[in-house]
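Residues in the sequence shown are numbered from 70 upward in steps of one, following this note's numbering.
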Amino acid sequence: MLITGIIGYPLDMTLSPRMHTAAFQAKKIDGAYLRIPVEPARLEDVLNALRVIGCRGVNVTNPHKETLLLFLNEISKEAKEVGAVNTVVFDENGLSGHNTDVFGFQALLDRVKIDLTRKNVLLIGAGGVAKAAAWVLSQCNLANLTITDIISSKAEDLASLYGATVVNSNPLHSPLTTTDMVINASSVDLQDDVTPFMQRGSLYMDLNYKFPVKQHEGIRSVNGLDMLLYQGVRAFEIFTGEEAPVDVMKNALGINYD
């Protein structure tokens, strides 16, 4: 059996098992995708245990995306440049780390069909998923990337990698009025706090998928389901070496656009 799963803490809501289980069934793979809550203090022990039982690999969510770098024997180009991993593979060489969030975020940008050339973007958050978004955005020829986080030092560290601007997270009203796209990469639902101050015609993108999308007049809003889907597609292909059944995975997540 091909054993895979997701580690994080807490794992109070994750759609990854549903998506990957459906993919295994569609491809007739004898596989299991486990939900594995792991407290930070137990991370190394759990990684060792997963290797012992023959686990093929795991997806990684908060709060482990950055900490896991300490345990890797190999790391992909994207993960190294981003500074975070969300997919780990166990093999004869130890642990190899990948970042499929960058593929998921790029797919989300493609889905919303936005041209970011010379646009102003505000990124809220500076954790693992924000790092992946910033890496992709750094290649979009923006006019300006502004980053904010409740821990200002984290925002400053991330901004320094890409020549971005840092603003105080409270209040955020001023940068919102001139921003073409706001990306919420925090774990908090900020729609009602942010969208009333955004300029008409701009885009609010929440990388969470657990918050329902609310449409505010003149503002386009999307959530992170597409990012979840396409980071999962890439992870499935890393785990199995087979082409992912994208439509099956999409249906498992309840994504019903054409």
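Positions of the beta carbon are idealized from the N, C-alpha and C atoms, including for glycine. All values reported here derive from a predicted model rather than from experimental measurement.
Subject >> Which listed residue (LEU177, PRO244, PHE266, TYR273) has its alpha carbon closest to that of ASP347 >> reply: Within the shown structure, residues of the chain are numbered from 70 to 327, placing residue 347 beyond reach of any answer.
**OP:** Can you grab the Cα-Cα spacing for the pair LEU141 / ALA201, in whole Å?
**Re:** On the sequence shown, residue 141 is found 72 positions in, with the first residue counted as 1. On the sequence shown, residue 201 is found 132 positions in, with the first residue counted as 1. Taking the straight line from one Cα to the other gives about 18 Å.
Original post:
Is it buried or exposed for ARG120, if we count other Cβ within 10 angstroms and need 16 for buried?
Top reply: Here the question's residue 120 lines up with position 51 in the sequence shown. Burial call: exposed.
Subject >> Residue environment, ALA195, which counts as buried when at least 16 other CB atoms sit within 10 Å >> reply: Here residue 195 corresponds to residue number 126 of the sequence shown, with the count starting at 1. ALA195 comes out buried.
**OP:** Look at the alpha carbon of LEU298 and the alpha carbon of THR83, and state the distance between them as a whole number of angstroms.
**Re:** The residue labelled residue 298 in the question sits at position 229 within the sequence shown. The residue labelled residue 83 in the question sits at position 14 within the sequence shown. CA-to-CA, the gap between LEU298 and THR83 works out to about 12 Å.
**OP:** Return the Cβ separation of ILE76 and VAL127 in integer angstroms, given the expectation that the two are a contact with Cβ distance under 8 Å.
**Re:** Numbered from its first residue, the sequence shown carries residue 76 at position 7. Numbered from its first residue, the sequence shown carries residue 127 at position 58. Right, their Cβ atoms sit about 5 Å apart.
Subject >> Proximity below 7 Å, CB of LEU191 to CB of LEU211 >> reply: Here the question's residue 191 lines up with position 122 in the sequence shown. Here the question's residue 211 lines up with position 142 in the sequence shown. Taking 7 Å as the cut-off, the beta carbon of LEU191 is found no closer than this to the beta carbon of LEU211.
**OP:** Given a cut-off of 7 Å, decide if ALA254 and LEU276 are closer than it, judged by their beta-carbon atoms.
**Re:** By one-based count along the sequence shown, residue 276 stands at place 207. By one-based count along the sequence shown, residue 254 stands at place 185. Contact: yes.
Original post:
Is VAL157 buried or exposed, if buried means 16 or more other CB atoms sit within 10 Å of its CB?
Top reply: Stepping through the sequence shown from its first residue, residue 157 is reached at position 88. Classification for VAL157: buried.
**OP:** Since I believe ALA148 is in contact with HIS167 (beta carbons under 8 Å), could you give me their beta-carbon distance rounded to a whole number of angstroms?
**Re:** Here residue 167 refers to the residue found at position 98 of the sequence shown. Here residue 148 refers to the residue found at position 79 of the sequence shown. Their Cβ separation, rounded to whole angstroms, is 6 Å, which keeps HIS167 and ALA148 in contact under 8 Å.
Subject >> Anticipated Cβ contact below 8 Å, THR136 with LEU164, distance rounded >> reply: In the sequence shown, the residue the question calls residue 136 occupies position 67. In the sequence shown, the residue the question calls residue 164 occupies position 95. THR136 to LEU164, Cβ: 13 Å. No contact.
**OP:** Identify whether GLY301 lies in helix, strand or coil by the three-state DSSP scheme.
**Re:** Your numbering for residue 301 matches position 232 in the sequence shown. If DSSP states are grouped into helix, strand and coil, GLY301 belongs with the helices.
**OP:** Can you tell me which of LYS283, MET267, ILE220, THR73 puts its alpha carbon nearest to the alpha carbon of SER243?
**Re:** As a working note, residue 243 is residue 174 in the sequence shown. Among LYS283, MET267, ILE220, THR73, the Cα nearest to that of SER243 is on MET267.
Original post:
Applying the criterion that 16 or more other CB atoms from any shown protein chain within 10 Å of the CB defines a buried residue, is GLY287 buried or exposed?
Top reply: Locating residue 287 in the sequence shown gives position 218, counting from the first residue. Per the 10 Å Cβ criterion, exposed.
**OP:** Just tell me which of PHE174, ASP160, ILE144 has its CA closest to the CA of ASN292.
**Re:** In the sequence shown, counting from the first residue as 1, residue 292 sits at position 223. When each option's Cα is compared against that of ASN292, the closest is PHE174.
Subject >> Where GLY301 falls, given that 16 or more other Cβ within 10 Å makes a residue buried >> reply: Taking the first residue of the sequence shown as position 1, residue 301 is located at position 232. By the neighbour-count rule (16 or more Cβ atoms within 10 Å), GLY301 is buried.
**OP:** Kindly indicate the opening and closing residues of the alpha helix (DSSP H) around PHE172.
**Re:** Position 103 of the sequence shown, counted from the first residue, corresponds to residue 172. Per DSSP, PHE172 belongs to the alpha helix (DSSP H) from 170 to 181.
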